[in-house]
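What follows is one structure encoded as structure tokens, with my remarks underneath.
4 protein chains.
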Amino acid sequence: MSEFEELKEVAYRSNMRLPELDLVLFTFGNASVADREREVFAIKPSGVPYEELNPASIVIVDFDGNVVEGEMRPSSDTQTHAVLYKHWENIKGIVHTHSTYGTAWAQAQKDIPIMGTTHADHLTNDIPCAPPMADDMIEGDYEVQTGYQIINALKDRDLSHEEVEMILVGNHAPFTWGDSAQKAVYNSAVLEEVAKMAYLSLQINPDAPRLKDTLIKKHWERKHGDDAYYGQEN
Amino acid sequence: MSEFEELKEVAYRSNMRLPELDLVLFTFGNASVADREREVFAIKPSGVPYEELNPASIVIVDFDGNVVEGEMRPSSDTQTHAVLYKHWENIKGIVHTHSTYGTAWAQAQKDIPIMGTTHADHLTNDIPCAPPMADDMIEGDYEVQTGYQIINALKDRDLSHEEVEMILVGNHAPFTWGDSAQKAVYNSAVLEEVAKMAYLSLQINPDAPRLKDTLIKKHWERKHGDDAYYGQEN
Amino acid sequence: MSEFEELKEVAYRSNMRLPELDLVLFTFGNASVADREREVFAIKPSGVPYEELNPASIVIVDFDGNVVEGEMRPSSDTQTHAVLYKHWENIKGIVHTHSTYGTAWAQAQKDIPIMGTTHADHLTNDIPCAPPMADDMIEGDYEVQTGYQIINALKDRDLSHEEVEMILVGNHAPFTWGDSAQKAVYNSAVLEEVAKMAYLSLQINPDAPRLKDTLIKKHWERKHGDDAYYGQEN
Amino acid sequence: MSEFEELKEVAYRSNMRLPELDLVLFTFGNASVADREREVFAIKPSGVPYEELNPASIVIVDFDGNVVEGEMRPSSDTQTHAVLYKHWENIKGIVHTHSTYGTAWAQAQKDIPIMGTTHADHLTNDIPCAPPMADDMIEGDYEVQTGYQIINALKDRDLSHEEVEMILVGNHAPFTWGDSAQKAVYNSAVLEEVAKMAYLSLQINPDAPRLKDTLIKKHWERKHGDDAYYGQEN
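Chains as they are written, first to last, in the working numbering: chain U, 1 to 234; chain Z, 1001 to 1234; chain B, 2001 to 2234; chain S, 3001 to 3234.
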């Protein structure tokens, strides 16, 4: 029996949530979960349909992107996950989808503006859209560079990956992360819903303003501030 | 056994209707039901996913917002419910959702115009969008002030909460109410459908007029007037 | 046992198809089926949720709109059905829904233009949108007048109810009919799908032309002409 | 027992995938699968609802469009399938649907522009929209001519049917193909998703550019190039 049994099980369940939440068609997405002590993460095998997935098919990879255990080839996006786990030492889950509305904003090369409290309950900034990658990055080690594109897009805007747990890669699709695989999956669903709401709001009123700062601050703080009072745990 | 067993059961079932009707994602909504004799209401605990909800987890709160019974922290929107129950003495149910189309109109800061008989079957006015709250209200007792914002938005338009059982809070989301929890849930689904239809109508024809007064009056009266003939009960 | 047992069963099943096909929310729609020999039709009772409907609750009404059998009050739209059955002697089924896209076009007061073969497979004309009714018609016998509004809208455009089995009533919603209840239900679903496609096409290309006459004729004739070759029965 | 038992079974299962993937309403679509050795294909019978379909009802047709085996009349689009199988000697599956977003683009008479990596993972070109057919083609052998319209639209753009496995026929709807029926079904679902994403992207940003060539090339090659590394099989 593998020492990574439990990690594979969590990765399996997290991946299966993606079609359940209508975030992926066919194989257009993947979830991973990290074990920080052993410095590895478990990720979906490449191109395997969700209905054929099982815990045993999950691949174990280290933070440099080398396969540690598994019969199958890992997701083609594995190197992107590896770069993010390596640089952001406190995240434990990453999800990549081509969810419809999130991807539509990525293709439009636009940040998703913060327009309401649904958004502010989760982050205080527009959801950034990283610019499409430069040609030499694309032609080089593409998936590794995608990781750096994400990291640099946050840096350029002076954003922390702890406050902003989601991003669009321009012309590509969303990536999300969190301190667990479950949280990363949750963030993918939130991004998709917020993307749809912002789209509709701007169709109804192209001049609709961004949410004002007092409301941004209030909604963020009631969920995440020192005196948070949302949920059962703070 | 709690004296509020039955009230909790009704609150539980009303909350469970929200995901069934596709009105909430994750924990983005809550329903409550009031017992007017005992001057309390039963409401969803804060941040608990619907699939983990059960009648025993429902919290009992008085009309000043104090917890009367329950192990868990009540919904973070509890004070808004309390204010509405306190001021509108004949309502028995309140629902708050972040349903997609309703929230999109709230984010657009626009009333939902009355454009057809589907809308007129339920109310004779545009569905009001209360303006975003003033900064001192937000920074003060936010959820209490949200209640007052709703009450004042109806007053400012000279509308009665008995005729208009639904509202948008600007940049936030819909609230609905009624003489039962079931009716408040029903109103949330109606608001969402009417919000979607109005959105589509204005995309098809930006100059489409509001429904004319004779039709508004007719459809309202056949359902709610003295000589109503819709349904089995009038 | 009622002599109308079978008719009620057909009406029941036809009504139940409407929520199955996502054409109605709550009680926003009704289907009826006529028995031409006995000169009656079976229709949904008013305001009864579909999940509580059963064959015994179906109401039998004559073509003047008088209840012949049934414990419950018939649909508030019963008089509209009666007028159409009375004037169009060969139709045997009628359906009224507030389906989302069909209703959006009705609220926009626009005919649904024939833009593709999906539409032409079913009718060779734009789906007409009857103008909103005149005030004296609304204030008079509203549901009877709705029937006449439909009949007159076809007459004004020189259309036969045998070729065009669907219409929008302006600011209200779709009505469809056919030589069976099943066909009327089918037409309601076709109208909704065609309404959605036309909406999207015009969003993509506001200058998209109507379908050209040769294609309209070809698609209609391969399904309905003297030498039809679609399906198994011609 | 028929020698085509297995072929019929594959055709049956492929047709049943279309409603499962929400690509057809009622009978608005059909899938076929070819046996290149026996020079026949198996196709859905005309006008039969999917819920009544079974393997025995599938019709066997040769590449000139003559029925070889089967009690029922084959799909009215059979001659289009036959022309494509005859001319493109390596394809083994064809699917035709009236899927909502794909059909909307066909009605808009617009190619679906390549705007993101979801599209580039499957083809490196805009999805072509063949112009509506000339009147003499429509009035002649319509379904045969539809096949030639598709073949010629690719030729006119200097595209190979091996690289571009999907097309829109102007004012009509999508056709897709592949080296198996399963692949053709898959392509229909991809086309619909890509059609929806492109629609939304252009609503969000009408000036959004097409995907740049380096990204097109990279995503195509990682899935289909000589050094492909997506999936388990290259």
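Positions of the beta carbon are idealized from the N, C-alpha and C atoms, including for glycine. No experiment lies behind these values; they were computed from the predicted model shown.
ask   = Under a Cβ-count criterion, where at least 16 other Cβ atoms within 10 Å of its own Cβ denotes burial, should glutamate 1143 (chain Z) be classed as buried or exposed?
value = Position 143 of the second sequence, counted from the first residue, corresponds to residue 1143 (chain Z). Buried, because 16 or more other Cβ atoms sit within 10 Å of the Cβ of glutamate 1143 (chain Z).
query = Between arginine 2017 (chain B) and chain S, is there a C-beta pair that is closer than 8 Å?
reply = If you number the third sequence from 1, residue 2017 (chain B) lands on position 17. Answer no: the Cβ-Cβ gap between arginine 2017 (chain B) and chain S never drops below 8 Å.
Residues near phenylalanine 2028 (chain B) by beta carbon distance below 6 Å, same chain, minus five either side = Counting from 1 along the third sequence, the entry for residue 2028 (chain B) is found at position 28. Same-chain partners within the cutoff: His2098.
message = Once DSSP output is grouped into helix, strand and coil, what is the label at valine 2059 (chain B)?
response = In the third sequence, residue 2059 (chain B) corresponds to position 59, counting from 1. Valine 2059 (chain B): strand per DSSP, three-state reduction.
query = Under three-state DSSP, which class holds aspartate 35 (chain U)?
reply = In the first sequence, counting from the first residue as 1, residue 35 (chain U) sits at position 35. Strand, per DSSP.
query = How far does the beta strand (DSSP E) with isoleucine 1094 (chain Z) in it reach, from first residue to last?
reply = Against the second sequence, residue 1094 (chain Z) aligns to sequence position 94. First-last of the beta strand (DSSP E) with isoleucine 1094 (chain Z): 1093-1097.
query = Under the three-state reduction of DSSP, which class applies to valine 2164 (chain B): helix, strand or coil?
reply = The residue given as residue 2164 (chain B) occupies position 164 in the third sequence. It is coil, neither helix nor strand.
task = Grab me the residues of lysine 3110 (chain S)'s own chain with a C-beta within less than 7 Å of its C-beta, minus the 5 sequence neighbours each way, in chain order.
result = If you number the fourth sequence from 1, residue 3110 (chain S) lands on position 110. Same-chain partners within the cutoff: Cys3129.
request  = Please go through the same chain and pick out, in chain order, the residues whose beta-carbon is closer than 6 Å to the beta-carbon of tryptophan 3088 (chain S), but skip the five residues on each side of it.
outcome  = Here residue 3088 (chain S) is taken as the residue at index 88 of the fourth sequence, counted from 1. Cβ within range, chain order: His3161.
request  = Please name the residues in the stretch 3064-3076 of chain S whose beta-carbon is closer than 7 Å to at least one beta-carbon of chain B, in chain order.
outcome  = Met3072, Arg3073 and Ser3076
query = Among residues of its own chain, excluding the 5 on either side of phenylalanine 1063 (chain Z), which ones have a beta-carbon nearer than 6 Å to its beta-carbon?
reply = Taking the first residue of the second sequence as position 1, residue 1063 (chain Z) is located at position 63. Only Glu1039, Ala1082, Tyr1085 and Lys1086 meet the Cβ criterion.
ask   = Of all the CB atoms in chain B, is at least one closer than 8 Å to the CB of serine 3046 (chain S)?
value = Locating residue 3046 (chain S) in the fourth sequence gives position 46, counting from the first residue. Chain B contact via Cβ: present.
inquiry  = Less than 8 Å between the beta carbons of leucine 1191 (chain Z) and alanine 1106 (chain Z), yes or no?
reply    = Residue numbering aside, residue 1191 (chain Z) sits at position 191 when the second sequence is read from its first letter. Residue numbering aside, residue 1106 (chain Z) sits at position 106 when the second sequence is read from its first letter. No.
key: Distance, threonine 1118 (chain Z) Cα to leucine 1215 (chain Z) Cα   = Residue numbering aside, residue 1215 (chain Z) sits at position 215 when the second sequence is read from its first letter. Residue numbering aside, residue 1118 (chain Z) sits at position 118 when the second sequence is read from its first letter. Their backbone Cα atoms lie some 11 Å apart in a straight line.
Beta-ladder partner(s) of proline 3045 (chain S), from DSSP = Counting from one through the fourth sequence, the residue named residue 3045 (chain S) turns up at place 45. Partner(s): S:Pro3074.
task = Could you please give me the residues that DSSP links to valine 3169 (chain S) through a beta bridge?
result = Position 169 of the fourth sequence, counted from the start, is the residue given in the question as residue 3169 (chain S). For valine 3169 (chain S), which the question treats as bridged, DSSP gives the partners S:Ala3130.
request  = Let me know if asparagine 66 (chain U) comes out buried or exposed under the rule of 16 or more other beta-carbons within 10 Å of its beta-carbon.
outcome  = Reading the first sequence from its first residue, position 66 is the one you call residue 66 (chain U). Burial call: exposed.
Residues that glutamine 2107 (chain B) contacts on chain Z, provided the C-beta gap is smaller than 7 Å = Here residue 2107 (chain B) is taken as the residue at index 107 of the third sequence, counted from 1. Within chain Z, the residues near glutamine 2107 (chain B) are Met1115, Gly1116, Met1197, Ser1201 and Ala1208.
key: For glutamate 1006 (chain Z) and leucine 2211 (chain B), the rounded distance between their alpha carbons   = As a working mapping, residue 2211 (chain B) is identified with position 211 in the third sequence. As a working mapping, residue 1006 (chain Z) is identified with position 6 in the second sequence. Each residue's Cα considered, the two are about 60 Å apart.
DSSP three-state assignment for glutamate 1089 (chain Z), whether helix, strand or coil = As a working mapping, residue 1089 (chain Z) is identified with position 89 in the second sequence. Coil.
ask   = So which residues of chain Z does aspartate 2135 (chain B) contact, with C-beta pairs closer than 7 Å?
value = In the third sequence, residue 2135 (chain B) corresponds to position 135, counting from 1. When 7 Å is used as the limit between beta carbons, aspartate 2135 (chain B) is near these residues of chain Z: Thr1214, in chain order.
message = Can you tell me whether asparagine 1205 (chain Z) sits near the ligand ADP, meaning its C-beta is under 7 Å from at least one heavy atom of the ligand?
response = Here there are no bound small molecules, and the ligand ADP is not part of this structure.
inquiry  = Helix, strand or coil, according to DSSP, for threonine 2118 (chain B) in the structure here?
reply    = For this step, residue 2118 (chain B) is matched to residue 118 along the third sequence. Three-state result, threonine 2118 (chain B): helix.
Alpha carbon of leucine 3154 (chain S) to alpha carbon of glutamate 3165 (chain S), nearest angstrom = By one-based count along the fourth sequence, residue 3154 (chain S) stands at place 154. By one-based count along the fourth sequence, residue 3165 (chain S) stands at place 165. So the two alpha carbons sit approximately 10 Å from each other.
C-beta contact flag for valine 2059 (chain B) and isoleucine 2043 (chain B) at 8 Å = For the purposes of this step, residue 2059 (chain B) is taken as the residue at position 59 of the third sequence. For the purposes of this step, residue 2043 (chain B) is taken as the residue at position 43 of the third sequence. Contact: yes.
request  = Please confirm if tyrosine 3101 (chain S) has its CB atom under 8 Å from at least one CB of chain U.
outcome  = On the fourth sequence, position 101 is the one that residue 3101 (chain S) refers to. With 8 Å as the cut-off, tyrosine 3101 (chain S) does not count as an interface residue toward chain U.
ask   = Closest by CA to valine 2010 (chain B), which one among B:Leu2025, B:Gly2102 and B:Pro2055?
value = For the purposes of this step, residue 2010 (chain B) is identified with residue 10 of the third sequence, where counting begins at 1. For valine 2010 (chain B), the nearest C-alpha among the options comes from B:Pro2055.
key: Residues of the stretch 3167-3191 of chain S whose Cβ lies closer than 8 Å to any Cβ of chain B, in chain order   = So the list reads Asn3171, His3172 and Ala3173, given in the order they occur along the chain.
message = Does the CB of tyrosine 1142 (chain Z) have a neighbour CB from chain U at under 8 Å?
response = Reading the second sequence from its first residue, position 142 is the one you call residue 1142 (chain Z). Yes, its Cβ sits closer than 8 Å to a Cβ of chain U.
message = Distance check for isoleucine 1151 (chain Z) and phenylalanine 1026 (chain Z), CA to CA, integer angstroms please.
response = Taking the first residue of the second sequence as position 1, residue 1026 (chain Z) is located at position 26. Taking the first residue of the second sequence as position 1, residue 1151 (chain Z) is located at position 151. Distance from the CA atom of phenylalanine 1026 (chain Z) to the CA atom of isoleucine 1151 (chain Z), rounded to whole angstroms, is 28 Å.
key: chain B within 8 Å of histidine 3119 (chain S), Cβ atoms only   = Here residue 3119 (chain S) is taken as the residue at index 119 of the fourth sequence, counted from 1. No, no contact with chain B.
task = Could you pull the start and end residues of the alpha helix (DSSP H) that glutamate 1241 (chain Z) belongs to?
result = Residue 1241 (chain Z) falls outside the range modelled here, since chain Z spans only 1001 to 1234, and no answer is possible.
ask   = By DSSP, does glycine 102 (chain U) sit in helix, in strand, or in coil?
value = The sequence position of residue 102 (chain U) within the first sequence is 102, counting from 1. In the structure shown, glycine 102 (chain U) sits in a helix (DSSP, three-state: H, G or I).
Given glycine 93 (chain U) as reference, the closest of U:Ala195, U:Asp213, U:Val185 and U:Ala198 once Cα atoms are compared = Translated into the one-based positions of the first sequence, residue 93 (chain U) becomes position 93. The shortest Cα separation from glycine 93 (chain U) among U:Ala195, U:Asp213, U:Val185 and U:Ala198 belongs to U:Val185.
message = If I follow the unbroken alpha helix (DSSP H) through valine 1144 (chain Z), where does it start and stop?
response = Mapped onto the second sequence, residue 1144 (chain Z) falls at position 144. Segment 1142-1156, the alpha helix (DSSP H) holding valine 1144 (chain Z).
inquiry  = Let's see if you can read the secondary structure: which residues bound the alpha helix (DSSP H) around valine 2190 (chain B)?
reply    = The sequence position of residue 2190 (chain B) within the third sequence is 190, counting from 1. Valine 2190 (chain B) -> alpha helix (DSSP H) spans 2181-2204.
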